[in-house]
Amino acid sequence: MESVGLLSVLPPVMAIALALYTRQVFLSLLAGIWLGFTILADWNPFYGTLDTLEGLANVFSSNYNTKIVIFTLVIGGLIALTQRSGGVDGFVRRILKYLDKESAKATTRGQRKKVEILALLTGTFLFIESNISILTVGTLYRPVFDRLKIPREKLAYIADSTSAPSCILFPFNAWGAFIIGHLATLGLTGGFNDLFKALIFNFYPMLVIIIMLYVILSGRDIGEMKSAEVRAAETGKLIRDGAQPMVGDEALEMPIKKGAIPKARNMIIPILSLVALVPTFLIMTGWEAGKGDVFLALREGSGGSSILYASSFACIIAALMYKLTGTLRIRESFDTFMKGMGALLPLAILMVLAFAIGNICNDLGTGDYVAEQASKYISPALVPALIFVITCFIAFSTGTSWGTFAIMLAIAVPLAQTMDTNVSLAIAAVLGGGIFGDHCSPTSDTSIISSMASASDHIDHIRTQLPYALIGGVITFVLYLILGFAGI
Numbered sequence: 128m129e130s131v132g133l134l135s136v137l138p139p140v141m142a143i144a145l146a147l148y149t150r151q152v153f154l155s156l157l158a159g160i161w162l163g164f165t166i167l168a169d170w171n172p173f174y175g176t177l178d179t180l181e182g183l184a185n186v187f188s189s190n191y192n193t194k195i196v197i198f199t200l201v202i203g204g205l206i207a208l209t210q211r212s213g214g215v216d217g218f219v220r221r222i223l224k225y226l227d228k229e230s231a232k233a234t235t236r237g238q239r240k241k242v243e244i245l246a247l248l249t250g251t252f253l254f255i256e257s258n259i260s261i262l263t264v265g266t267l268y269r270p271v272f273d274r275l276k277i278p279r280e281k282l283a284y285i286a287d288s289t290s291a292p293s294c295i296l297f298p299f300n301a302w303g304a305f306i307i308g309h310l311a312t313l314g315l316t317g318g319f320n321d322l323f324k325a326l327i328f329n330f331y332p333m334l335v336i337i338i339m340l341y342v343i344l345s346g347r348d349i350g351e352m353k354s355a356e357v358r359a360a361e362t363g364k365l366i367r368d369g370a371q372p373m374v375g376d377e378a379l380e381m382p383i384k385k386g387a388i389p390k391a392r393n394m395i396i397p398i399l400s401l402v403a404l405v406p407t408f409l410i411m412t413g414w415e416a417g418k419g420d421v422f423l424a425l426r427e428g429s430g431g432s433s434i435l436y437a438s439s440f441a442c443i444i445a446a447l448m449y450k451l452t453g454t455l456r457i458r459e460s461f462d463t464f465m466k467g468m469g470a471l472l473p474l475a476i477l478m479v480l481a482f483a484i485g486n487i488c489n490d491l492g493t494g495d496y497v498a499e500q501a502s503k504y505i506s507p508a509l510v511p512a513l514i515f516v517i518t519c520f521i522a523f524s525t526g527t528s529w530g531t532f533a534i535m536l537a538i539a540v541p542l543a544q545t546m547d548t549n550v551s552l553a554i555a556a557v558l559g560g561g562i563f564g565d566h567c568s569p570t571s572d573t574s575i576i577s578s579m580a581s582a583s584d585h586i587d588h589i590r591t592q593l594p595y596a597l598i599g600g601v602i603t604f605v606l607y608l609i610l611g612f613a614g615i
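Numbering-wise (this note's numbering), the sequence shown opens with residue 128 and increments by one.
And the structure:
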């Protein structure tokens, strides 16, 4: 279709602005989707409405999107199972006992610092898949954070800020395979060698982890995160009054079965099963494409299929374990699972809306338009810094880092080659900009899942994380300016 030009930017900008201003993320996304389809319908609101309904339904025409939505519901069931069996309570008691033993005379601040560091390390080491990293951190540490009166916004920040950055810095996963595949189509066939050359210049994800570590160790929060910390410390309120957590009370407050003994293993074994099964299914789904090589299979495996299979089998393992130990009957596990799925239905709906606005941005050519306009006014020394800014804006608008990678790598690599700029630096700017957008956009799937896993209000998560992301983004921009003018 013919480009709609500047109008292509309106739907995502309106959706994000409305979400940040009104805190009504569902209505804001729906408004942005409707505006996009109305533009495509030559400003006919009636056909725009009909096309909006079709667009929402068409989300499920994507195999990946459908698997992610189902996976979201299955995770709700798994969370409920670990609650009902007493696993969550047992895990919390185990962690608190450890903290008391290790630091009997320590302050609450010292205990909080240890738990936050544990959460950071857990999220960073689970670089095999971003969603698994987020869900593991949120599911394992939310009860402990609650006991120590650490606001849910802080948990969402840690979960979100360790997932995508670790996946891009340690690219032995689907992220690495995706990027290498795109580089190969652009004539860069060096595989991991090309990617590793770019990683040393990928400053943003490095800074995200460094800033987060500093915040945890120093206790110096800023902006709305500081207000959240004060609120939790003075009132014990883990979320603000009027907040709308991404997880319903059915999942958060699932009572332990009467007579069940709280045991950490009832939570740890299902979660470890989930984590271990992801690479297993990545190898299985990528075995044929990887031609029998385990590492190639890991890169070629289907991330969407793997996390769906892994979460489903984790639920089955949990139910069988509870049956064998006499904790829950199979019927009780199934009923609990269904209640947990229902608790995460709002999140599943939000995922559909996020995918839909990403699709309409693609139809409107939002990313292509922004990149094309910016490239007209670029000079060699400014290439890395401007590529970073453009990528940040596209990822922020569309809510997808991978989609942004696909758009911007195809522009940045030939642009850098034509203008005799360091190609590795240009690639790094794209990768860092995509992660920045992931952190700041209310429509990003990783941000949404972070809010869900931490049971935080989604817009509160975005608003509290934004200042830290901006600090990292500004420093990254300055570094790219310096390197650009230095001719590196």
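Built from N, CA and C at the ideal position, the CB exists for glycine as well.
- Partner residues in a beta bridge of proline 139, as assigned by DSSP, do not exist.
- A check of alpha carbon separations from serine 345 across Ala168, Phe523, Ser577 and Lys241 identifies Lys241 as the nearest.
- Taken through DSSP and simplified to helix, strand or coil, proline 372 comes out as strand.
- Under the three-state reduction of DSSP, aspartate 572 is assigned to helix.
- Counting C-beta atoms within 10 angstroms of its own C-beta, valine 550 has 16 or more neighbours from the protein chains shown and is therefore classed as buried.
- A residue is called buried when at least 16 other Cβ atoms come within 10 angstroms of its Cβ; tyrosine 436 meets this threshold and is buried.
- Burial state of valine 421 is exposed, judged by a 10 Å Cβ sphere holding fewer than 16 other Cβ atoms.
- Excluding its 5 nearest sequence neighbours in each direction, alanine 291 has C-beta neighbours in its own chain below 6 Å: Ser257, Ile562, Asp565 and Thr573, listed in chain order.
- Between glycine 526 and alanine 481, the CB-CB gap stays under 8 Å.
- Taken in chain order, the whole alpha helix (DSSP H) runs of length 4 or more contained in the region 314–375 are 319–326, 330–345 and 350–362.
- Around the beta carbon of lysine 390, a 10 Å sphere encloses 16 or more other beta carbons of the protein chains shown; the residue is thus reported as buried.
- Nearest in C-alpha terms to alanine 144, of all of Ile337, Leu157 and Leu472, is Leu157.
- In the three-state DSSP reduction, aspartate 565 falls in the helix class (H, G or I).
- When secondary structure is reduced to three states using DSSP, aspartate 547 falls in the coil class, being assigned neither helix nor strand.
- Nearest Cα to glycine 559 within the set Ser577, Ser578, Thr463 and Val601: Val601.
- Fully enclosed alpha helix (DSSP H) runs of no fewer than 4 residues occupy 457–470, 472–491, 493–502 and 510–525 of the region 445–527, in order along the chain.
- At the C-beta level, glycine 363 and lysine 450 stay beyond 8 Å of one another.
- Ranking Val540, Leu137, Gly614 and Ser439 by CA distance to the CA of alanine 311 puts Val540 first.
- For isoleucine 195, the enclosing alpha helix (DSSP H) covers residues 190–211.
- In the three-state scheme derived from DSSP, where H, G and I count as helix and E and B as strand, aspartate 216 is classed as helix.
- Counting the other CB atoms within 10 Å of its CB gives aspartate 547 a total below 16, which places it among the exposed residues.
- In the three-state scheme derived from DSSP, where H, G and I count as helix and E and B as strand, aspartate 287 is classed as helix.
- For the set Leu326, Gly213, Ile259 and Lys281, the Cα lying nearest the Cα of leucine 552 is the one of Leu326.
- Counting C-beta atoms within 10 angstroms of its own C-beta, threonine 545 has fewer than 16 neighbours from the protein chains shown and is therefore classed as exposed.
- Take valine 136, set aside five residues on each side of it, and the residues of its chain with a beta-carbon closer than 8 Å to its own are Thr493, Tyr496, Val497 and Ser524, in chain order.
- Taking C-beta atoms as the reference points, glycine 214 and leucine 471 fail to come closer than 8 Å.
- When DSSP states are grouped into helix, strand and coil, aspartate 584 belongs to the strand group.
- The straight-line gap separating the alpha-carbon atoms of tyrosine 331 and proline 569 is approximately 19 Å.
- Assignment of asparagine 393 by DSSP, reduced to helix, strand and coil, places it in the helix class.
- A contact is defined here as three or more CB-CB pairs under 8 Å, and the region 576–593 meets this definition with respect to the region 279–296.
- Comparing alpha-carbon positions, the option among Asp490, Ile261, Ile395 and Arg220 lying closest to phenylalanine 164 turns out to be Asp490.
- The region 257–267 makes contact with the region 397–405: 3 or more CB pairs, one atom from each, lie closer than 8 Å.
- With contacts defined as CB atoms closer than 8 Å, isoleucine 160 and leucine 134 fail to qualify as a contacting pair.
- When the Cα atoms are used, threonine 263 and leucine 253 turn out to be separated by approximately 9 Å.
- From the listed residues Phe440, Pro406, Phe515 and Ser439, the smallest Cα separation to alanine 424 is found for Pro406.
- Distance from the CA of valine 510 to the CA of valine 335, rounded to the nearest whole angstrom, comes to 23 Å.
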